[in-house]
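Remarks on the structure that follows.
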Amino acid sequence: MLDRRRFLRGSLLSSAALLLRKTSVAAPAELPLKSHPLVISTWEPNKKANAEAWKILGAGGSALDAVEAGVQVPEADPTDQSVGFGGLPDRDGKVTLDACIMNGNGDCGAVMFLEGIMHPIKVARLVMEKTPHVQLAGEGALQFALQNGFTVQNLLTPESEKAWKQWLLKADYDPMTIPKLLQQKNLKDGSGQQHNHDTIGMLALDAAGHLGGACTTSGMAYKLRGRIGDSPIIGAGLFVDNEVGAATSSGVGEEVVRICGSHTVVELMRHGRKPEAACREAVERIARKKGTAAKDIQVGFIAISNRGVIGAFALQKGFTYAVQSHDGVQVFEAKALFA
Ligand code: ASP
71 MLDRRRFLRG
81 SLLSSAALLL
91 RKTSVAAPAE
101 LPLKSHPLVI
111 STWEPNKKAN
121 AEAWKILGAG
131 GSALDAVEAG
141 VQVPEADPTD
151 QSVGFGGLPD
161 RDGKVTLDAC
171 IMNGNGDCGA
181 VMFLEGIMHP
191 IKVARLVMEK
201 TPHVQLAGEG
211 ALQFALQNGF
221 TVQNLLTPES
231 EKAWKQWLLK
241 ADYDPMTIPK
251 LLQQKNLKDG
261 SGQQHNHDTI
271 GMLALDAAGH
281 LGGACTTSGM
291 AYKLRGRIGD
301 SPIIGAGLFV
311 DNEVGAATSS
321 GVGEEVVRIC
331 GSHTVVELMR
341 HGRKPEAACR
351 EAVERIARKK
361 GTAAKDIQVG
371 FIAISNRGVI
381 GAFALQKGFT
391 YAVQSHDGVQ
401 VFEAKALFA
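Residue 409, in our numbering, is where the sequence shown stops; the numbers in between run on with no holes.
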């Protein structure tokens with residue numbers, strides 16, 4: 071019988087700190103950017119994704135188009151083992167992808183447990199725009215993608231297959247987020263820097279003042295086949311409302327789902343909290359429910375108000391986020407409950 075606590079255990083306390091690079095600085099209490107557009111993403115390496123989104127935002131394009139384009143950067147990057155192509159597989163060796171997209175009017179689309187499609191975010195947008203539904207899963211999501219011109223590709227890279235085979239030697243049933251894996255395997259690039267990161271959640275505010283968000287992931291490594299995390303669940307991994315703001319998450323998805331995390335953050339903002347305070351309150355809610363076990367998991371939220379104020383908060387240190395606006399590119403480390 072599965073040990074439920076092990077199932078839910080995510081990144082270790084200190085593991086996320088491995089992701090930090092010297093470019094990140096402590097987050098301000100709030101960052102009132104003078105002008106929009108702007109785009110923010112979970113995890114420092116997603117500066118690259120922000121840059122892609124900025125090509126659209128900076129030219130006056132829509133937040134929705136920007137986030138859809140931006141998150142395709144890690145989806146197509148084979149060295150990113152937590153999103154899209156090259157993502158670490160489930161315990162059966164299959165790469166299964168989750169993604170969702172939402173605009174500030176409440177239009178949204180999601181795909182989950184999707185296999186063989188390089189850009190699940192594009193399929194999620196089509197679900198939003200071409201169907202009366204908001205979520206498609208598994209075979210049905212694949213069928214819909216194929217009907218809309220997508221082709222199946224092998225998303226399991228030799229590196230991720232090797233990592234999975236290594237995991238199979240023990241096959242501990244312990245689904246893991248990327249920071250924990252990195253800590254265990256000490257994966258480094260040539261410069262000695264950690265080069266991987268987790269799920270991308272991206273939020274944008276466009277020149278017209280409209281919000282959009284996207285979230286995409288291969289989920290926890292070596293998860294049970296069929297497992298779906300928070301990332302493709304509207305209200306959990308992502309929530310956007312032009313009346314208030316937007317939020318997205320990274321970390322142990324089960325804990326985010328339990329408190330409808332991103333929706334909670336936006337609702338707290340609706341009731342007057344600034345983005346960082348709202349993220350903090352959601353994190354504290356998770357911590358209260360988990361008790362001492364909260365110290366063994368990582369969850370982080372980022373948020374943006376419809377006036378361009380951003381904020382973030384995490385359970386553990388090491389949760390970075392990247393911001394791009396007319397003010398330039400900035401990387402912050404979110405404040406954390408457990409220092
Ligand atoms: N939230 C993602 C999931 O639970 C994983 C992550 O962000 O690391 O699938």
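We treat Cβ as the ideally placed atom computed from N, Cα and C, and that holds for glycine.
Tell me residue i's beta-bridge partners as DSSP assigns them.
i, result
"T286", "A169 and I270"
"Q205", "A180"
"A308", "It is worth fixing the name first, because residue 308 is Leu in this sequence and not Ala. DSSP, once it has assigned bridges, lists I304 and T318 as partnering L308."
"T112", "Y391"
"F220", "Paired residues: none, contrary to the question."
"I374", "A316 and I380"
"Q386", "F408"
Take residue i and list the residues in its own chain whose beta-carbon comes closer than 6 angstroms to its own, dropping the five residues that flank it on each side.
i, result
"G321", "Q368, V369 and G370"
"L196", "N218"
"A392", "S111, E114, N116, K117, N120 and V401"
"M473", "A question about residue 473 goes unanswered here, because the residues of the chain that appear run from 71 up to 409."
"R295", "D160 and D162"
"A215", "I187 and V193"
"R328", "none"
"A384", "G370, A404 and A406"
"R355", "I329"
Helix, strand or coil: which one does DSSP assign to residue i?
i, result
"A357", "helix"
"D426", "Residue numbering for the chain in the displayed model covers 71 to 409; residue 426 lies beyond these limits and cannot be assessed."
"K92", "Confidence is the limiting factor: at K92 the pLDDT is only 42, short of 50, which leaves the residue's position unreliable and the question unanswerable from this model."
"G323", "helix"
"D276", "coil"
"Q394", "strand"
"L196", "helix"
"F214", "helix"
"V137", "helix"
"Q151", "coil"
"V399", "strand"
"A412", "In this structure the chain extends from 71 to 409, so residue 412 is not present and cannot be described."
"L294", "coil"
"A129", "coil"
"I191", "helix"
"L281", "strand"
"A241", "coil"
"L158", "coil"
"A406", "strand"
"L338", "helix"
"K164", "coil"
"C349", "helix"
"R328", "helix"
"P228", "helix"
"P107", "coil"
"E145", "helix"
"K344", "coil"
Leaving out five residues on either side along the sequence, give the residues of the same chain with a beta carbon under 7 angstroms from the beta carbon of residue i.
i, result
"L90", "With a pLDDT of 38 at L90, under the threshold of 50, the predicted position of this residue should be treated as unreliable, though the coordinate-derived value follows. Counting only Cβ-Cβ distances below 7 angstroms, and skipping sequence neighbours, we find G388, T390 and E403."
"P159", "V165, L226, S230 and W234"
"A119", "S111, G140, V141, V143, P144, I270 and M272"
"W124", "V109 and Q394"
Can you list, in chain order, the residues of its chain with a C-beta nearer than 8 angstroms to that of residue i? Leave out the 5 residues immediately preceding and following it.
i, result
"L281", "A133, N173, G174, L273, A274, L275, V310, D311, N312, G315, A316, I374 and N376"
"K92", "Residue placement at K92 is flagged as unreliable, the pLDDT there being 42, under the threshold of 50; the coordinate-derived value follows with that caveat. Closer than 8 angstroms at the Cβ level, and outside the excluded window around K92, lies no residue."
"F408", "L83, A364, K365, L385, Q386 and K387"
"A357", "A364, L385 and L407"
*asked:* Would you call the stretch 370-389 in contact with the stretch 337-354, where contact means no fewer than 3 C-beta pairs closer than 8 angstroms?
replied: yes
*asked:* Contact between the stretch 150-157 and the stretch 174-194 is defined here as three or more beta-carbon pairs at a separation below 8 angstroms; is this criterion met?
replied: yes
_Three-pair Cβ contact test at 8 angstroms for the stretch 294-310 versus the stretch 322-333_ = yes
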